[in-house]
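Residue 4 is where the sequence shown starts when you use this note's numbering, and the numbers rise one by one after that. Note sheet for the following structure.
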Amino acid sequence: MAIPITVLDCDLLLYGRGHRTLDRFKLDDVTDEDLMSMYGFPRQFIYYLVELLGPSLSRPTQRSRAISPETQILAALGFYTSGSFQTRMGDAIGISQASMSRCVANVTEVLMERASQFIHFPADEASMQALKDEFYGLAGMPGVIGVVDCIHVAIKAPNAEDLSYVNRKGLHSLNCLMVCDIRGAFMTVETNWPGSLQDCAVLQQSSLSSQFEAGMHKDSWLLGDSAFFLRTWLMTPLPDPKTPAEDRYNLAHSATHSVMEKTLRTLCSRFRCLDGSKGALQYSPEKSSNIIVACCVLHNISLEHGMDIWSLPMAGPVQQPLEEEYEPMESLDLEADRSRQELLLSHFS
């Protein structure tokens, strides 16, 4: 006799009907201390995320025990900030590891849908000028609207064993291009680049480069380190300063660019799924790329809500993100050379 095949709810199978049901889980039942230690964010911030993402996470489902939006958000935050699908975390909110994984996928997708709402350059001239004024006030570097850098995030080897994801250290990674403002808020995030590409190649092929080459942000520039080529819209350090003016330029450049270095350290401190301490992201390059963007969206939202993420204590040591070794890039752009010389003469001589 044929045996009917039934699709089992993994949480029901693991816990049985006597276990706390998912729709009865209440955020109010969790203490403030547990929220911060297990999920990395305070209560009011999580309430905001539930309000923001809840409608999209409440999509119709055929499952008899749909997971509530707040439970999905807590599960995703737990993974983003710890880098682990720990059983303890799933037990705390009453779901299995498999359901934890589904929650991460759902919340990541919804955050990706809202990325352009929270990650973007200012749209008006007044805001652009405010950016320039803030950067100038930091170290005296004029015309700056953002600092740019790349960071490698380790991922598992793709199924196809695509060598394009193997970086110079022999590890599989994504090379992520990011631009931030003086507060550390991201204005551009491109996370889909294979790890074999050097930073300068990533920038050259990026939509960010296309925007600036098309003159979208005239009379302003970004600051990048020596991994990038000098451009009329991208100021890099002088490789061998010989005059006091060149020394002052490099000092101002370094002090300003340090905003990005601090931001990337903070991002990986807050979101331990990115720092490699729990191993590589166990997802395809596409899904790993989306998770990185989701973390950047949460980073920006937390800044909008007044969370001083640079001063928040982080539990445990932080493993440094993957860094690539590179030779300083020689300038091949005569117009860019002239722009930097004019900057030296007008502001640093």
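Glycine is no exception: its CB is placed at the ideal position from the N, C-alpha and C atoms.
7 Å Cβ cutoff met for residue i and residue j
| i | j | result |
| --- | --- | --- |
| Ile-154 | His-175 | no |
| Ala-230 | Thr-111 | no |
| Cys-299 | Phe-189 | yes |
| Val-182 | Thr-191 | yes |
| Leu-134 | Ile-148 | yes |
| Leu-233 | Asp-152 | no |
| Gly-218 | Thr-266 | no |
| Phe-138 | Thr-269 | no |
| Tyr-168 | Gly-146 | no |
| Cys-106 | Ala-69 | no |
| Asn-253 | Leu-241 | yes |
| Gln-75 | Asn-109 | yes |
| Asn-293 | Met-115 | yes |
| Leu-206 | Ser-213 | no |
| Arg-251 | Phe-351 | yes |
N-terminal and C-terminal residue of the beta strand (DSSP E) that residue i is part of
| i | result |
| --- | --- |
| Pro-197 | 189-197 |
| Leu-174 | It is not in any beta strand (DSSP E) - Leu-174 carries neither H nor E in the DSSP assignment. |
Presumed contact (8 Å Cβ cut-off) between residue i and residue j, rounded CB distance
| i | j | result |
| --- | --- | --- |
| Ala-255 | Ala-142 | 4 Å |
| Leu-56 | Val-113 | 5 Å |
| Phe-48 | Met-310 | 7 Å |
| Val-156 | Cys-179 | 6 Å |
| Tyr-51 | Gly-81 | Not quite, the Cβ-Cβ distance comes to about 17 Å (not below 8 Å), so this is no contact. |
| Ala-339 | Thr-235 | 5 Å |
| Ser-40 | Pro-161 | With 8 Å as the limit, Ser-40 and Pro-161 do not qualify as a contact, their Cβ atoms being about 34 Å apart. |
| Pro-72 | Ser-85 | In fact, because the Cβ distance is near 20 Å, the residues do not count as touching under 8 Å. |
| Met-144 | Leu-38 | With a Cβ gap of about 40 Å, Met-144 and Leu-38 do not count as contacting. |
Enclosing alpha helix (DSSP H) for residue i [first to last residue]
| i | result |
| --- | --- |
| Asp-136 | 128-142 |
| Ile-49 | 46-60 |
| Ser-291 | 288-307 |
| Gly-149 | Not the alpha helix (DSSP H): Gly-149 falls in the beta strand (DSSP E), residues 147-157. |
| Phe-346 | The residue asked about is misnamed: residue 346 is Leu in this sequence, not Phe. 337-346 is the extent of the alpha helix (DSSP H) around Leu-346. |
| Gln-201 | Careful: Gln-201 lies outside any alpha helix (DSSP H) and carries neither H nor E. |
Cβ neighbour criterion (16 or more within 10 Å) applied to residue i
| i | result |
| --- | --- |
| Arg-27 | Low local confidence applies: a pLDDT of 48 at Arg-27 is under 50, so the model's placement there is unreliable, with the coordinate-based value given in what follows. It is exposed - the Cβ of Arg-27 has fewer than 16 other Cβ atoms within 10 Å. |
| Ala-273 | It is worth fixing the name first, because residue 273 is Arg in this sequence and not Ala. So Arg-273 counts as buried. |
| Asp-202 | buried |
| Ala-204 | exposed |
| Asp-278 | buried |
| Arg-275 | buried |
| Ser-354 | As shown, the chain starts at 4 and ends at 352. That puts residue 354 outside it, with no answer to give. |
| Glu-216 | exposed |
| Leu-301 | buried |
| Glu-128 | exposed |
| Thr-34 | exposed |
| Asp-228 | buried |
| Asp-184 | buried |
Any chance you could list the beta strand (DSSP E) runs of at least 3 consecutive residues sitting entirely within the segment 217-251, in chain order? List check, beta strand (DSSP E) in window: 224-226.
Within the segment 65-125, note down every full alpha helix (DSSP H) run reaching 4 residues or more, in order along the chain. 72-85, 90-96, 100-116, 118-121
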